[in-house]
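In what follows, a single structure is set out as structure tokens and then discussed.
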Amino acid sequence: MFSIDAIMTTDLITIAPSSTLAEARALLQEHRIHHLPVVDADHTLVGLMTLTDVLAASDSSLRDEGSRIRAANINISEVMVTDIATVDENASLRQAALFLEKHKIGCLPVVSNGTLKGIITDSDFVAVAINLLEQLESSEPDDFDEAGAA
Numbered sequence: 002m003f004s005i006d007a008i009m010t011t012d013l014i015t016i017a018p019s020s021t022l023a024e025a026r027a028l029l030q031e032h033r034i035h036h037l038p039v040v041d042a043d044h045t046l047v048g049l050m051t052l053t054d055v056l057a058a059s060d061s062s063l064r065d066e067g068s069r070i071r072a073a074n075i076n077i078s079e080v081m082v083t084d085i086a087t088v089d090e091n092a093s094l095r096q097a098a099l100f101l102e103k104h105k106i107g108c109l110p111v112v113s114n115g116t117l118k119g120i121i122t123d124s125d126f127v128a129v130a131i132n133l134l135e136q137l138e139s140s141e142p143d144d145f146d147e148a149g150a151a
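Numbering (the numbering used here), first residue to last: 2 to 151.
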């Protein structure tokens with residue numbers, strides 16, 4: 002049985018609850034990621050910001066310039082998701098995949114005693130699927146029909 006730590010991302014980009022929505026947007030764009038764990042000074046997971054959350058909390062550019070709420074004036078703590086599904090680092094990959102699929106979520110922060118250790122995303126499972134497919138394809142016999150060879 003493979004465990005989560007076999008494929009989880011451990012080189013994490015995180016953000017503090019006191020950071021702003023503008024900072025979250027910049028991190029997501031700069032690192033080309035969709036999930037941003039929110040951690041306190043002790044690296045304890047306290048929330049999560051997704052690209053969808055950032056876009057939903059952003060003010061529309063269609064609003065009148067004078068009445069717009071600036072992303073630099075919105076703290077992450079005001080808009081972050083705090084009811085977060087997490088997974089223990091010793092859980093099986095199958096359990097995590099089934100959970101993501103059942104609840105239609107894109108990531109599971111990996112925690113140990115409340116401390117963020119990594120993150121596993123639907124993209125990680127796509128990479129696993131690609132790897133397995135490549136292994137299957139390389140183990141299949143060639144389509145060459147020796148009986149028909151001259």
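Cβ atoms here follow ideal geometry from the backbone N, Cα and C, with glycine treated the same way. Predicted, not measured: the structure shown is a model, and the values here were computed from it.
Quick one: what's got a C-beta closer than 8 Å to D125's C-beta in the same chain, skipping five residues either side? I8, M9, T10
Our contact map puts P18 next to N76 with C-beta atoms below 8 Å; I'd like the distance itself, whole angstroms only. 7 Å
Looking at the strands, I want to know which residues DSSP matches up with D89. Answer is V112, bridged to D89.
T122 and H44 closer than 7 Å at C-beta: Not in contact: T122 and H44 (Cβ atoms no closer than 7 Å).
Beta carbon of S59, beta carbon of A72: below 7 Å? yes
What does V40 pair with, by DSSP beta-bridge criteria? L46
Check the C-beta distance from H36 over to C108 and give it rounded, since I have them as a contact under 8 Å. 4 Å
Separation of A25 from E79, as counted between CA atoms: 13 Å
Nearest candidate by alpha-carbon position, reference P38, set V129, L137, A86: A86
C-alpha distance - Q96 paired with S113, whole-angstrom precision: 17 Å
CB L52 to CB L29, shorter than 7 Å? yes
Would you report the Cα separation of D12 and I131, rounded to the nearest angstrom? 22 Å
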